[in-house]
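Going down the list, the sequences are from chains A and B.
Everything in the first sequence is counted per our numbering, starting at 1 for the first residue and increasing by one.
Everything in the second sequence is counted per our numbering, starting at 1 for the first residue and increasing by one.
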Amino acid sequence: MHFSIGDYIEDLAHNALEAGSPITRIEVLEKENSLEVCVEDTGKGMTPEQLKRAQDPYGTDGVKHPGRKVGFGLPFLIQCVQAVQGDFQIQSKAGKGTRVWFRLPLNHVDTPPIGSLAETFRQILAYPGNHEIQIYRKRGKRSYSVFRSQLIEALGELDSAGSQNLLKQYLESQEESLSLE
Amino acid sequence: MAKMTLEELKKLRETKKRELEKRETAGKDIEIIVGMATCGIAAGAKNTLSAFLNELEAQNLSNVLVRQTGCMGYCYAEPTVEIRMPGMPNIIYGKVDPETAVKIVRKHILGKALINDHILDKPAADIIKK
Chain A
1 MHFSIGDYIE DLAHNALEAG SPITRIEVLE KENSLEVCVE DTGKGMTPEQ LKRAQDPYGT
61 DGVKHPGRKV GFGLPFLIQC VQAVQGDFQI QSKAGKGTRV WFRLPLNHVD TPPIGSLAET
121 FRQILAYPGN HEIQIYRKRG KRSYSVFRSQ LIEALGELDS AGSQNLLKQY LESQEESLSL
181 E
Chain B
1 MAKMTLEELK KLRETKKREL EKRETAGKDI EIIVGMATCG IAAGAKNTLS AFLNELEAQN
61 LSNVLVRQTG CMGYCYAEPT VEIRMPGMPN IIYGKVDPET AVKIVRKHIL GKALINDHIL
121 DKPAADIIKK
């Protein structure tokens with residue numbers, strides 16, 4: 001199991017990027033008693049059979065490690081959602097992309113902590129490759145958006161430790177602006 | 001902290017770049033690759049990655065490349081980290097918690113010495129091509 005909700009978001013984002021998604025949109029909407037997350041990609045997508053297998057912990061496409069029979073990414077999330085009476089939806093179309101949506105109650109004793117979303121977003125945005133990521137974050141009535149292409153334009157690159165540390169400062173300031181009255 | 005704009009971020013980067021240009025900078029040819037698949041994340045790889053970035057900043061090694069990758073096949077030994085740098089063999093370390101990440105920056109990258117009890121010498125048996 002993952003420790004924080006941020007870990008689940010990062011895992012979903014990596015699935016999207018590993019599916020070759022040129023454009024990935026991530027939404028994290030925080031309300032008083034719940035958190036809704038949507039990760040929508042334009043990657044290779046899945047057939048109904050592949051989609052079924054992706055939700056089975058003992059199913060994997062066998063591409064990365066042909067000798068292995070497990071794939072825990074989505075099953076971890078499904079288990080977490082079920083444990084706290086949240087909601088989970090997944091839609092996918094081969095050749096088009098995948099959309100994963102989940103909602104977790106924030107007042108359930110077993111709901112994981114959100115964790116640092118500035119840290120989560122930094123790591124997602126710094127994942128190597130030539131792709132666009134759009135992040136939309138809303139807390140109550142306040143919100144912000146970030147685009148990976150704009151950050152690369154501002155920082156030159158996102159591979160060096162220096163750029164990733166500046167990126168965290170930037171994202172932390174966006175997160176802090178959500179809690180200002 | 002006021003909400004930073006992209007223009008301010010760009011200016012901050014230029015200031016940092018000028019500071020770096022003034023002193024002897026190292027690290028452009030050093031690469032740290034952190035395994036960030038489900039197994040890595042579950043084992044705490046996010047904290048490991050953050051610890052590397054914090055320590056590199058503290059040691060003025062802003063040019064070091066820090067990259068993420070998927071599962072390297074060592075799910076039993078996550079978080080796993082590969083270090084590539086001139087003058088040292090490419091090494092994959094396992095069970096790299098934040099404390100070990102700091103040790104890797106200080107001993108391996110700066111001190112050019114191996115951290116023997118974290119070295120993984122070969123890929124897991126089931127992913128070796130026969």
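Cβ atoms here follow ideal geometry from the backbone N, Cα and C, with glycine treated the same way.
Since the model is a prediction, treat every value here as computed from it, not as a measurement.
Return helix, strand or coil for residue i, following the three-state DSSP convention.
i	result
A:E183	An answer regarding residue 183 of chain A cannot be provided, because it is not within the stretch 1 to 181 covered by chain A.
B:G35	strand
A:V11	The residue you asked about is not Val; residue 11 of chain A is Asp in the sequence shown. The answer is helix: DSSP assigns A:D11 an H, G or I state.
B:D117	helix
B:Q59	coil
A:E32	coil
B:T48	helix
B:G111	coil
B:Y76	helix
A:L125	helix
A:T111	coil
A:V51	Strictly speaking, residue 51 of chain A in this sequence is Leu, with Val absent from that position. DSSP places A:L51 in helix when its eight states are reduced to three.
A:L106	coil
A:G97	strand
Could you please give the first and the last residue of the uninterrupted beta strand (DSSP E) stretch that includes residue i?
i	result
B:G70	No beta strand (DSSP E) contains B:G70, which DSSP labels as neither H nor E.
B:V102	Unbroken run through B:V102 is the alpha helix (DSSP H), P98 to K103; no beta strand (DSSP E).
A:K93	D87 to K93
B:R84	V81 to R84
B:I91	I91 to Y93
A:L158	Per DSSP, A:L158 belongs to no beta strand (DSSP E) and is neither H nor E.
Please list the terminal residues of the continuous alpha helix (DSSP H) segment that includes residue i.
i	result
A:G73	G73 to A83
B:T15	L6 to K22
A:S149	R148 to L155
A:F3	Here A:F3 belongs to no alpha helix (DSSP H), and DSSP marks it neither H nor E.
A:K138	No alpha helix (DSSP H) holds A:K138; the beta strand (DSSP E) holding it covers E132 to R139.
A:G162	A161 to S179
Excluding the 5 residues flanking residue i on each side, which residues of the same chain have their C-beta closer than 6 angstroms to its C-beta?
i	result
A:V146	I135
B:N47	P98
B:V96	T48, P79 and V81
A:E40	R25 and R99
A:Q91	R99
A:G45	S92, K93, A94, G95, K96, G97 and T98
A:H194	Because chain A spans 1 through 181 in this model, residue 194 of chain A falls outside it and cannot be assessed.
Looking only at its chain, what residues have a beta carbon closer than 8 angstroms to the beta carbon of residue i, apart from the 5 residues adjacent to it on each side?
i	result
A:Q164	R122, A126 and L158
A:G115	F3, S4, I5, G6 and D7
A:T42	S21, P22, I23, T24, K96 and G97
Can you name, in chain order, every residue of its own chain whose Cβ lies under 7 angstroms from the Cβ of residue i, other than the five neighbours on each side?
i	result
B:K39	Sequence check: residue 39 of chain B is Cys here, not Lys. C71, C75 and E78, listed in sequence order.
A:N15	G73
- Along the stretch 84-99 of chain B, what residues have a CB closer than 8 angstroms to any CB found in chain A? none
- Please list the residues of the stretch 12-24 of chain A that have a C-beta atom closer than 7 angstroms to any C-beta atom in chain B, keeping them in chain order. H14 and E18
- Message: Using a Cβ-Cβ cutoff of 9 angstroms, what residues of the stretch 96-121 of chain B are near chain A? List them in chain order.
- Response: none
- Message: Can you pull out the residues from the stretch 63-75 of chain B whose beta carbon lies closer than 9 angstroms to at least one beta carbon of chain A?
- Response: N63, V64, L65, V66, R67, Q68, T69, G70, C71, G73 and C75
- Task: Give, in chain order, every residue of the stretch 38-63 of chain B whose Cβ lies closer than 7 angstroms to some Cβ of chain A.
- Result: T38, I41, A42, K46, L49, S50, L53, L56, E57, L61, S62 and N63
- Task: Could you list the residues in the stretch 30-46 of chain A with a C-beta less than 8 angstroms from some C-beta on chain B, going in chain order?
- Result: none
- Task: Closer than 7 angstroms, Cβ to Cβ, to anything on chain B: give me those residues from the stretch 84-118 of chain A, in chain order.
- Result: none
- Task: Taking a Cβ distance cut-off of 8 angstroms, strictly less, list which residues of the stretch 128-142 of chain A are near chain B, in chain order.
- Result: Residues P128.
- Residues of the stretch 8-34 of chain B whose Cβ lies closer than 7 angstroms to any Cβ of chain A, in chain order: Listed by position, the residues of the stretch 8-34 of chain B near chain A (Cβ gap below 7 angstroms) are L9, K10, L12, R13 and K16.
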